[in-house]
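For reference, the structure is listed below as structure tokens.
2 protein chains.
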Amino acid sequence: MLEVPNRDRQAERREATRREIVDVAWEVAREKGLAQLTLREVADRVGMRAPSLYTHFSSKNAIYDAMFADAWSDYVTTVEQVARPEDATPREVLRLIANTFFDFAVADLARNQLMNQRTIPGFEPTPESYGPAVRALEMFHAEMVGLGIHGQEEVDLCVALIGGLADAQLANDPGGDRWGRLVDRAVDMVADHLELPPDSSQPPEE
Amino acid sequence: MLEVPNRDRQAERREATRREIVDVAWEVAREKGLAQLTLREVADRVGMRAPSLYTHFSSKNAIYDAMFADAWSDYVTTVEQVARPEDATPREVLRLIANTFFDFAVADLARNQLMNQRTIPGFEPTPESYGPAVRALEMFHAEMVGLGIHGQEEVDLCVALIGGLADAQLANDPGGDRWGRLVDRAVDMVADHLELPPDSSQPPEE
DNA sequence: GTCTATACACCGATAGAC
DNA sequence: GTCTATCGGTGTATAGAC
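Protein chains in written order, with this note's numbering: chain A, 1 to 206; chain B, 1001 to 1206.
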């Protein structure tokens, strides 16, 4: 009669501790850089000794792994919450997606390094943590199909283009908008290339 | 009478040792990964103890710095050696440049991480080492001007696009050509966008 | 000048006491 | 589950041999 709720409480507590560790890890990563994250620093802020973290995560990379899944889950949520007007033209939809991705990437350097670059030496996400990432890609693919774009190459081209803009922005002009200003233009470029219909509401100026 | 040649010899020897260290560092970086490079491993292969490297470089990052300058110098040389046919159309020139950059980037993961990504935690190239890199960018800019493209935005767009393709190739399909196949297509896309004249030699099929 | 030996502070990770 | 103690490894500072 008592055991089951006790076990629930324990599992709950355990999960809460894991969450706290991951949250603190994000905090440290944003402050000092993703690679400068150390177990001792995380443990200090959580109020533990460093080795105690191994009760909750099997290694430092396991923490990175949880952060990776975390980040992509957040992105999926972000995309799902973006209002998609019913009467949006294909180009507007593409612009919306591209800007959502770009803004999300540029908003957090450490997060983008973990999500989209191979910046941590030995780290490779586990299949489970990779789930939300492939989920996000599938959502984009489906959206492209909805626009009449069915090919893998077209998806790859878009991903590389917007990803390239985001990486260039973070690497060469962090906090600025030198590359951010190019997102809409880049979208129009691919839209033309994919022969999406032009926006008809307003004829393009000049 | 003796001092000057002696000093020359010494400087020569010193420079040779520096070169050897950098070469060995590249070797290690390619074998074990750029970030997994350790001073002890480099020193062992050169036939020194680790602290002795500090006679020639003030820190590990100073070695990365020399490697950075090295890589971009190599790229400049590579670009200069690419034959540019006199009768090449603007699109062909752009294709040539893009493929040269892409192939160079994809040929060596460690080198690309150092040149084009922020993969080493504390490392920032010194202004001197940055020289060849800005040299390469200026060359590209000049080439674009030669094609009638004068804007900064257009250059940025091209750089981000090809860079994005290269990074995606290395990150998601190393050794393959899933993104490499898209380079020519990407070039044509920007060429259309920049309203470069179509290749006239052969009318496009279909 | 060039290299070595030693040492230090820090890291991720493990073992075992409580 | 958390602790202390410790291990092997890292970059790097320094003192001194040659």
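Each residue gets a CB set at the ideal place from its N, CA and C atoms; glycine is no exception.
Check: Taking Cβ positions, are A1066/B and V1024/B nearer each other than 8 Å?; Outcome: no
Check: Would W179/A count as contacting chain B if we go by Cβ distances under 8 Å?; Outcome: yes
Check: Once DSSP output is grouped into helix, strand and coil, what is the label at I1097/B?; Outcome: helix
Check: Exposed or buried, what is M1001/B when buried is set at 16 or more other beta-carbons lying within 10 Å of its beta-carbon?; Outcome: Below a pLDDT of 50, predicted positions are generally treated as unreliable, and M1001/B, at 49, falls in that range; no measurement from the model is reported.
Check: Taking A1035/B as the reference, which of I1120/B, E1092/B, D1044/B and N1099/B has the closest Cα?; Outcome: I1120/B
Check: By the three-class DSSP mapping on this structure, what secondary structure does D108/A have?; Outcome: coil
Check: What do you get for S275/A, buried or exposed, if any count of 16 or more other CB atoms within 10 angstroms of its CB means buried?; Outcome: Since the first residue of chain A shown is 1 and the last is 206, residue 275/A is not available in this structure.
Check: Mind checking the stretch 1112–1143 of chain B against chain A and listing, in chain order, the residues whose C-beta falls within less than 7 Å of any C-beta there?; Outcome: Q1117, R1118, T1119 and P1121
Check: Exposed or buried, what is S1129/B when buried is set at 16 or more other beta-carbons lying within 10 Å of its beta-carbon?; Outcome: buried
Check: CB-CB under 6 Å to R91/A, same chain, minus the five flanking residues each way: which ones, in chain order?; Outcome: A191, L196 and D199
Check: Residues of the stretch 1148–1163 of chain B with a CB closer than 7 Å to any CB of chain A: list them in chain order, please.; Outcome: E1153, D1156, L1157, V1159, A1160, L1161 and G1163
Check: Any beta carbon from chain A within less than 8 Å of S1108/B's own beta carbon?; Outcome: According to the sequence provided, residue 1108/B is Asp. The question's Ser does not apply to it. Chain A contact via Cβ: absent.
Check: Cα separation between E1138/B and I1149/B?; Outcome: 13 Å
Check: Could you please tell me which residues of the stretch 7–22 of chain A, in chain order, have their CB closer than 8 Å to any CB of chain B?; Outcome: none
Check: Taking Cβ-Cβ distances below 9 Å as the criterion, which residues of the stretch 182–193 of chain A are in contact with chain B?; Outcome: L182, R185, A186, D188, M189, V190, D192 and H193
Check: Answer yes or no: do Y1075/B and A1136/B have a C-beta to C-beta separation smaller than 8 Å?; Outcome: yes
Check: Please report how far the alpha carbon of Q1117/B lies from the alpha carbon of D8/A, in whole angstroms.; Outcome: 45 Å
Check: Looking at the unbroken alpha helix (DSSP H) that takes in W1072/B, where does it start and where does it end?; Outcome: K1060 to Q1081
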